[in-house]
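A.B. asks: Letter by letter, the sequence shown follows residues 1 to 513 in UniProt numbering.
This is the structure, below, for whatever I ask next.
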Amino acid sequence: MRHGLMNLLVGFPTFLAFGYSLTFFGGIMSYPSFYREYNMLDTATTKGALKRNNSLLQGVANGMTNLGGACACLIVLYYGNRLGRRKMSFIGGVIAIVGTVIFCTSYSFAQILVSRFIQGIGIGIGIATVPVWQSELATTKNRSAHVIVDGIMVSAGFMIASWITYGFSKASTLDSWQWRVPGTLIGIFALPIAGASFMFPESPRWLVMQGRADEAREIFADMFKDSEDPDIVENTLNAAVRVNETVTHTSWTGLFRMGKDKMLWRLFLAVTVQWFTQMNGAGIITAYANQLFGTIGLEPDTAKIVASVSLTYKFLTCFIAFFVIERVGRRALFITSGIGMAISMFVLAICGSQTTDTKLAPAYVAIVFVFVFLLFLPLAFLGVNFLYCQEIISTPYRAPAGGISSATLWLSQFVLALTTPLSLEVLKWKTYLVWGCASAVIPPVVYLYYPETTNLSMEELEGIWFAPGFRGPVKEAAHLRALKAQGVTEKSVLAGEAHVEDKTHGTTMVEKV
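This is how it looks when you write it as structure tokens:
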């Protein structure tokens, strides 16, 4: 399986473009060469009501990519299962290139808005499709590693955009090349996506859904070529066929039915994961990092440097989840991340309320806690979030559910991009209280309702949702993982042979997949 090359040419560029698009526009808006050409976005030389109005327009312009991404998810919702993972990835890359060409040749505010919107559509199709494709091509053992790297690439995009826009800000010029050149990178990232998507295998689970079992068998054989289990290919294929046959409503509208498999509840969990991803305040440290450090007392140039350093630090902390996720599990990372982010945001609010022109000590404490926040954020919400959304949804619904959950991510980002400049201008430090409260909700919700998916195959996970009640899947997942820890093999579970007595539940595992 050429999974590593697929990540390099398709997965990495998709998420680099995503991270870069969320950050670079906030950087170039501070360039005189940009805001003199688009004076309706000038907040550097304006004051009062005009500045507030321009701040709102900044939010609109920055948020157009997010709005485009949300629309892209509707496209994936309808066409994802019809066209397959490879075609959708290719289409997303082409659209992102078109949007970049329009942006880099723009001479009106309307063109800026349209180009950002089109870029969002292209990138949005990619981030709704590629994690699904990756997870369906991965074995249980390496599934998390492949998708977690996506989050690392998002953070790398943040970092690259921050340093590039800082570097170009040093050019003493009013020529538009200062902001057009950084704008080309989204299209450059999209080139290999469009060029390489058809070099790699289609998802075998999607092929099963299309009735192309023989093709799926060949791809499963490549996936499991290093396995010591001679029957793993046929068992996995048969389990995938059974999962597909149990879904009675194969159109995307089946997502909204609360049957025995709790599909609507699973969709709700996927949506909340992506809602938490943005409503924790992460967006301010990506799209508006310069403004953030400005509000806590730093000089503009110093704020830009600290912002770039913080995003570099964020990139490095992303590797923690990569190395520990299979040891500690998804739930532990979500809970730990939520606690750390909530504490950090509340401290930022306290420090912001105490900082004055003559009292800067709280501002320096705030800077420390921005870095603390960036330690906890990537533990669960820069990679694990994408992975978890794919793991809890059945194959026939994985593409449309990915579209809906990603739409939640994009729409949350749009709201934040639209409101953050004005919020920082009007509410100032009180803005952090909102994000602190949102982060504080994460630990109890995850503990009560998010089942652990670590060490369970896609087909094994399908069985846990038939447990009664909303908390039943959490207990059933723990039970199934305990069975596997006792020596019940994946082969037995996939073949429906796991009849080990559960003394705590008083039931047996019989037909979970």
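The beta carbon of each residue, even a glycine, is placed where N, CA and C say it ideally should be.
Being a predicted model, the structure only gives us computed values, none of them experimental.
Is it the case that the Cβ atoms of residue 428 and residue 378 are separated by a distance below 8 Å?
C.D. replies: The sequence position of residue 428 within the sequence shown is 428, counting from 1. The sequence position of residue 378 within the sequence shown is 378, counting from 1. Contact: no.
A.B. asks: Report the three-state DSSP secondary structure of residue 362 (helix, strand or coil).
C.D. replies: Along the sequence shown, read from residue 1 onward, the residue named residue 362 stands at position 362. The answer is helix: DSSP assigns residue 362 an H, G or I state.
A.B. asks: Are residue 98 and residue 88 touching if we call contact CB-CB under 8 Å?
C.D. replies: Against the sequence shown, residue 98 aligns to sequence position 98. Against the sequence shown, residue 88 aligns to sequence position 88. No, the pair does not count as a contact, with Cβ atoms beyond the cut-off.
A.B. asks: Which whole-angstrom value is the C-beta distance of residue 475 and residue 467, which I expect to be below 8 Å?
C.D. replies: Looking up residue 475 in the sequence shown gives position 475. Looking up residue 467 in the sequence shown gives position 467. Yes, residue 475 and residue 467 are in contact; Cβ-Cβ is about 7 Å, under 8 Å.
A.B. asks: Taking buried to mean at least 16 other C-beta atoms within 10 Å of its own C-beta, is residue 444 buried or exposed?
C.D. replies: As a working mapping, residue 444 is identified with position 444 in the sequence shown. With fewer than 16 other Cβ atoms within 10 Å, it is exposed.
A.B. asks: Looking at the structure shown, is residue 432 part of a helix, part of a strand, or coil, going by DSSP?
C.D. replies: The residue given as residue 432 occupies position 432 in the sequence shown. Helix at residue 432.
A.B. asks: Short of 6 Å in beta carbon distance, which residues of its chain neighbour residue 43, apart from the five on each side in sequence? Order them along the chain.
C.D. replies: For the purposes of this step, residue 43 is taken as residue 43 along the sequence shown, with counting starting at 1. For residue 43, where only same-chain residues beyond five positions count, the Cβ hits under 6 Å are 51, 54, 55.
A.B. asks: Taking the alpha helix (DSSP H) that residue 82 falls in, what are its first and last residues?
C.D. replies: The residue you call residue 82 lines up with position 82 of the sequence shown. Counting along the chain, the alpha helix (DSSP H) containing residue 82 begins and ends at 48-83.
A.B. asks: So what's residue 38 in DSSP terms, helix, strand or just coil?
C.D. replies: For the purposes of this step, residue 38 is taken as residue 38 along the sequence shown, with counting starting at 1. Residue 38: coil per DSSP, three-state reduction.
A.B. asks: Apart from the five residues on each side of it in sequence, which residues of its chain come closer than 8 Å, Cβ to Cβ, to residue 447?
C.D. replies: Indexing the sequence shown from 1 puts residue 447 at position 447. Only 331, 335 meet the Cβ criterion.
A.B. asks: Give the DSSP-derived three-state secondary structure of residue 400 in the structure shown.
C.D. replies: In the sequence shown, counting from the first residue as 1, residue 400 sits at position 400. Note: residue 400 maps to helix in three-state DSSP.
A.B. asks: Could you say which of 345, 213, 406 lies nearest to residue 268 if we only look at CA atoms?
C.D. replies: The residue labelled residue 268 in the question sits at position 268 within the sequence shown. Here the closest residue by C-alpha is 406.
A.B. asks: Return yes when the Cβ of residue 438 is within less than 8 Å of the Cβ of residue 209, no when it is not.
C.D. replies: The residue you call residue 209 lines up with position 209 of the sequence shown. The residue you call residue 438 lines up with position 438 of the sequence shown. No, Cβ-Cβ distance for residue 209 and residue 438 is not below 8 Å.
A.B. asks: Enumerate, from N- to C-terminal direction, the unbroken alpha helix (DSSP H) stretches of 4 or more residues contained entirely within the region 231-280.
C.D. replies: Runs of the alpha helix (DSSP H) inside the region 231-280: 232-246, 263-279.
A.B. asks: Do the region 198-218 and the region 168-177 touch if we need at least three Cβ pairs shorter than 8 Å?
C.D. replies: Taking 8 Å as the limit for Cβ pairs, the verdict is that the region 168-177 does not touch the region 198-218.
A.B. asks: Which one of 364, 387, 312 has the shortest CA to CA distance from residue 333?
C.D. replies: By 1-based counting over the sequence shown, the position of residue 333 is 333. Measuring from the Cα of residue 333, the nearest candidate turns out to be 387.
A.B. asks: Are residue 187 and residue 96 closer than 8 Å when you measure CB to CB?
C.D. replies: Start at 1 with the first residue of the sequence shown, and residue 187 comes out as number 187. Start at 1 with the first residue of the sequence shown, and residue 96 comes out as number 96. Contact: yes.
A.B. asks: Tell me the rounded alpha-carbon separation between residue 381 and residue 263.
C.D. replies: On the sequence shown, residue 381 is found 381 positions in, with the first residue counted as 1. On the sequence shown, residue 263 is found 263 positions in, with the first residue counted as 1. If you take the alpha carbons of residue 381 and residue 263, they lie about 23 Å apart.
A.B. asks: Alpha carbon to alpha carbon, how far is residue 200 from residue 142? Give it in angstroms, no decimals.
C.D. replies: Counting from 1 along the sequence shown, the entry for residue 142 is found at position 142. Counting from 1 along the sequence shown, the entry for residue 200 is found at position 200. For residue 142 and residue 200, the distance between alpha carbons rounds to 18 Å.
A.B. asks: Going by DSSP, what residue range makes up the alpha helix (DSSP H) through residue 459?
C.D. replies: In the sequence shown, residue 459 corresponds to position 459, counting from 1. 458-464 is the span of the alpha helix (DSSP H), which, as asked, contains residue 459.
A.B. asks: Could you give the distance in angstroms between the alpha-carbon of residue 249 and the alpha-carbon of residue 257?
C.D. replies: By one-based count along the sequence shown, residue 249 stands at place 249. By one-based count along the sequence shown, residue 257 stands at place 257. Confidence at residue 249 is low in this model, with a pLDDT of 47, below 50, so its placement is unreliable and the value that follows should be read with caution. Those two C-alpha atoms are separated by around 9 Å.
A.B. asks: Please classify residue 299: is it buried, with 16 or more other beta-carbons within 10 angstroms of its beta-carbon, or exposed?
C.D. replies: Position 299 of the sequence shown, counted from the start, is the residue given in the question as residue 299. Result: exposed.
A.B. asks: Exposed or buried, residue 304, counting other C-beta atoms within 10 Å across all chains shown (16 or more means buried)?
C.D. replies: Your numbering for residue 304 matches position 304 in the sequence shown. So residue 304 ends up on the buried side.
A.B. asks: Okay, do the region 404-423 and the region 143-163 touch, 3+ Cβ pairs below 8 Å being the bar?
C.D. replies: In short, these stretches do not touch, since the Cβ pair count stays below three.
A.B. asks: Do residue 169 and residue 596 come within 8 Å of each other at the CB atom, strictly closer than that value?
C.D. replies: No information on residue 596 is available, as it lies outside the stretch 1 to 513 that the chain covers here.
A.B. asks: Rounding to the nearest angstrom, what Cα-Cα distance links residue 194 and residue 350 in this structure?
C.D. replies: Locating residue 194 in the sequence shown gives position 194, where the first residue counts as 1. Locating residue 350 in the sequence shown gives position 350, where the first residue counts as 1. Straight-line Cα distance between these residues: approximately 47 Å.
A.B. asks: If I follow the unbroken alpha helix (DSSP H) through residue 209, where does it start and stop?
C.D. replies: In the sequence shown, counting from the first residue as 1, residue 209 sits at position 209. 204-209 is the span of the alpha helix (DSSP H), which, as asked, contains residue 209.
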